[in-house]
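Everything in the sequence shown is counted per our numbering, starting at 2 for the first residue and increasing by one.
What follows is one structure encoded as structure tokens, with my remarks underneath.
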Amino acid sequence: MLDLYPTLVDMAGLPEKEGLQGHSLVPQLKDPDAGRRWPAITTHNQGNHTIRTERWRYIRYANGSEEL
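Okay, structure coming up:
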């Protein structure tokens, strides 16, 4: 959700707002193979978090177990 506002601002051609945590997804919408400088961070239910790059995915589950 953090990337939604910067993406809409970019698509509308509006000036960027300082201090936002998200990043525009327009490059990926235009070209699905486009690289991304930042990892994708996902939360599923309470306490289950994932950080994913092109090469790696780290998962921390609510019970404290982890996967890489």
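All residues carry an ideal CB built from backbone N, CA and C; glycine is no exception.
- Considering only Ser-66, Glu-68, Gly-23 and Leu-9, the residue with the shortest C-alpha distance to Trp-39 is Gly-23.
- Between Arg-58 and Glu-67, the C-beta spacing is not below 7 Å.
- With respect to the 7 Å criterion, Thr-43 and Leu-26 are not classified as neighbours on the basis of their beta carbons.
- Listed as beta-bridge partners of His-50 by DSSP are Thr-44 and Arg-61.
- Excluding five sequence positions before and after Gly-48, the CB atoms of its chain that fall closer than 6 Å to its own CB belong to Ala-63, given in chain order.
- For Leu-30, the enclosing alpha helix (DSSP H) stretches over residues 27-31.
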